[in-house]
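Inspection log for the structure reproduced underneath, given as structure tokens.
Residue numbers (our numbering): 21 to 154.
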């Protein structure tokens with residue numbers, strides 16, 4: 021009887037460990053630094069992205085809009101660690117877990133709403149890291 025109880029307790033502990041071990045999200049943090057453009061009335065930005073993992077990321081989706089959840093100013097996907105594959109007007113740089121993506125120009129606004137999503141090769145995009153900048 022005691023052996024049976026110990027076996028059941030060991031199985032319960034093992035099951036709890038398996039269930040509670042979750043993979044952290046790919047994105048740790050995301051924001052944008054805004055810079056005046058040389059063209060009057062326009063800005064450009066540098067998306068600052070920090071990741072938890074550099075082995076499983078396939079691509080990023082970055083967006084900037086004039087309202088929450090919009091992407092009317094810019095929206096693009098960029099392959100992870102393929103600087104030459106960045107869309108025209110964008111520059112991709114990585115240093116360890118820190119990724120910087122410089123953007124092309126967009127119209128000046130009082131407030132910007134942005135997000136970054138990350139995707140692995142075996143899954144859909146994760147929930148976005150959202151931010152507001154002005």
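Ideal Cβ placement from N, Cα and C applies to all residues, glycine included. Please read all numbers here as calculations on a predicted model, not as lab measurements.
With 16 or more other Cβ atoms from the protein chains shown falling within 10 Å of its own Cβ, residue 119 counts as buried. Residue 62 counts as exposed, since fewer than 16 other beta carbons sit within 10 angstroms of its beta carbon. Nearest in C-alpha terms to residue 74, of all of 115, 147, 91, 122, is 115. Rounded to whole angstroms, the separation of the alpha carbons of residue 72 and residue 59 is 36 Å. In this structure, the beta-carbon distance from residue 154 to residue 140 does not fall below 8 Å. In this structure, the CA atom of residue 81 is about 6 Å from the CA atom of residue 96. In the structure shown, residue 105 adopts helical secondary structure according to DSSP, grouped into three states. Pairing residue 50 with residue 151 gives a Cβ-Cβ distance under 8 Å. DSSP places residue 110 in the coil class of the three-state scheme, outside both helix and strand. Taking a contact as a CB-CB distance under 8 Å, the pair residue 67 and residue 108 does not count as one, their CB atoms being some 16 Å apart.
It is roughly 22 Å from the alpha-carbon of residue 87 to the alpha-carbon of residue 47.
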